[in-house]
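Residue numbers (mature numbering (1 follows the signal peptide of the UniProt record, and there is no 0)): -18 to -1, 1 to 210.
Yeah, the Cβ is synthetic: ideal placement off N, Cα and C, and Gly gets one too.
This report concerns only the one structure given below.
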């Protein structure tokens, strides 16, 4: 009993050392003290030098670990070599409730990105402000299976929300306000039906290929990860 308590405390101490981490795909680097520096958390984006990772436009997992009880996530992409503009939102803004692992296993990107190099940017909005990390991406066709890193902590729940600070980071104002009626709940189980903060609202899913919001009856969690 005592050993399990000590292990839990050690795990929490480890979490406290970072604002948030991208567990998958690989980013261009992580500096905890510089995560508040846009656009790449203190690193200078350079597609000619940074290691590129394949990012499937038909669906790729993004696995995260947060040290905050609550925070909002923005996923955006650009083909701008310096990651200085041209940002396009590729998934609704999601609010994570509960600290620890959180994964979205199927983030899609418009087909026009396939065959090109660019940036996938994860932005967190939490109690310590806006935090950033960058993935140097080689956008490829097809979709990828979720990796072992893609999992949710048992206490994590997720909801679609509005966040003006995050929406302001997307060129053209973004479509994120359309996502506020869609919600999801995660308990770390293999599958789960959705719950809604607004009982009169139907859950919705996001299309990055220009289709917009598509009403669906339910969302599921595959391997403990949010799947829409």
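Item to check | Nonlocal neighbours in the same chain, by C-beta distance under 8 Å from residue 27, ignoring five residues either side | outcome: Reading the chain shown from its first residue, position 45 is the one you call residue 27. Excluding residues within five positions, the ones whose Cβ falls inside 8 Å are 10, 21, 63, 64, 65, 101, 116, 118.
Checklist entry - Anyone know if the C-beta pair for residue 55 and residue 76 falls short of 7 Å? => result Looking up residue 55 in the chain shown gives position 73. Looking up residue 76 in the chain shown gives position 94. In this structure, residue 76 lies closer than 7 Å to residue 55 by Cβ.
Checklist entry - If you draw a straight line from the alpha carbon of residue 23 to that of residue 12, how long is it in whole angstroms? => result Locating residue 23 in the chain shown gives position 41, where the first residue counts as 1. Locating residue 12 in the chain shown gives position 30, where the first residue counts as 1. Computed Cα separation, rounded: 7 Å.
Checklist entry - Can you name the residues that DSSP bridges to residue 38? => result Residue mapping note: residue 38 aligns to position 56 of the chain shown, counting from 1. The beta-bridge partner set that DSSP reports for residue 38 consists of 122.
Next on the checklist: Quick check on residue 13: does DSSP put it in helix, strand or coil?
Outcome noted: The residue labelled residue 13 in the question sits at position 31 within the chain shown. If DSSP states are grouped into helix, strand and coil, residue 13 belongs with coil.
Checklist entry - If you run the structure through DSSP and keep just helix, strand and coil, what is residue 114? => result Stepping through the chain shown from its first residue, residue 114 is reached at position 132. Residue 114 carries a strand assignment under DSSP once its states are collapsed to helix, strand and coil.
Checklist entry - What is the DSSP secondary structure of residue 29, counted as helix, strand or coil? => result As a first step, residue 29 must be located in the chain shown, where it is residue number 47. Residue 29 falls in the coil class under three-state DSSP.
Checklist entry - Run through DSSP, which three-state label would residue 133 get? => result Locating residue 133 in the chain shown gives position 151, where the first residue counts as 1. DSSP, reduced to helix, strand and coil, places residue 133 outside both helices and strands of the structure shown, so it counts as coil.
Next on the checklist: By the three-class DSSP mapping on this structure, what secondary structure does residue 250 have?
Outcome noted: With the chain covering -18 to 210 only, the question about residue 250 has no answer from this structure.
Item to check | residue 79 versus residue 34: straight-line alpha-carbon distance, rounded | outcome: On the chain shown, residue 79 is found 97 positions in, with the first residue counted as 1. On the chain shown, residue 34 is found 52 positions in, with the first residue counted as 1. Each residue's Cα considered, the two are about 31 Å apart.
Item to check | Inter-residue Cα distance where the pair is residue 107 and residue 1 | outcome: Sequence index remark: in the chain shown, residue 107 carries index 125 (1-based). Sequence index remark: in the chain shown, residue 1 carries index 19 (1-based). Note on geometry: alpha-carbon atoms of residue 107 and residue 1 lie some 11 Å from one another.
Item to check | Per-residue DSSP class, three states only, for residue 1 | outcome: Locating residue 1 in the chain shown gives position 19, where the first residue counts as 1. Under the three-state reduction of DSSP output, residue 1 falls in the coil class, being neither helix nor strand.
Checklist entry - Buried or exposed: which applies to residue 48, given that a residue is buried once 16 or more other Cβ atoms fall within 10 Å of its Cβ? => result Residue numbering aside, residue 48 sits at position 66 when the chain shown is read from its first letter. Residue 48 is buried by the Cβ-count criterion.
Checklist entry - To the nearest angstrom, how far is it from the Cα of residue 4 to the Cα of residue 43? => result Counting from 1 along the chain shown, the entry for residue 4 is found at position 22. Counting from 1 along the chain shown, the entry for residue 43 is found at position 61. Rounded to the nearest angstrom, the two C-alpha atoms are 11 Å apart.
Next on the checklist: Less than 7 Å between the beta carbons of residue 39 and residue 91, yes or no?
Outcome noted: For the purposes of this step, residue 39 is taken as residue 57 along the chain shown, with counting starting at 1. For the purposes of this step, residue 91 is taken as residue 109 along the chain shown, with counting starting at 1. A contact, by the Cβ cut-off of 7 Å.
Checklist entry - What does DSSP give as the partner residues of residue 46 in its beta bridges? => result Taking the chain shown and counting its residues from 1, one reaches residue 46 at position 64. For residue 46, which the question treats as bridged, DSSP gives the partners 4, 84.
Item to check | Proximity below 7 Å, CB of residue 96 to CB of residue 123 | outcome: Looking up residue 96 in the chain shown gives position 114. Looking up residue 123 in the chain shown gives position 141. Yes.
Checklist entry - For residue 31, does the count of other Cβ atoms within 10 angstroms reach 16, so buried, or fall short, so exposed? => result Taking the chain shown and counting its residues from 1, the one referred to as residue 31 is at position 49. Its Cβ having fewer than 16 others within 10 Å, residue 31 is exposed.
Checklist entry - Going by beta carbon distance, what residues of the same chain come within less than 8 Å of residue 37, once the five residues before and after it are set aside? => result The residue you call residue 37 lines up with position 55 of the chain shown. The answer, listed in chain order, is 7, 91, 102, 117, 119, 120, 121, 122.
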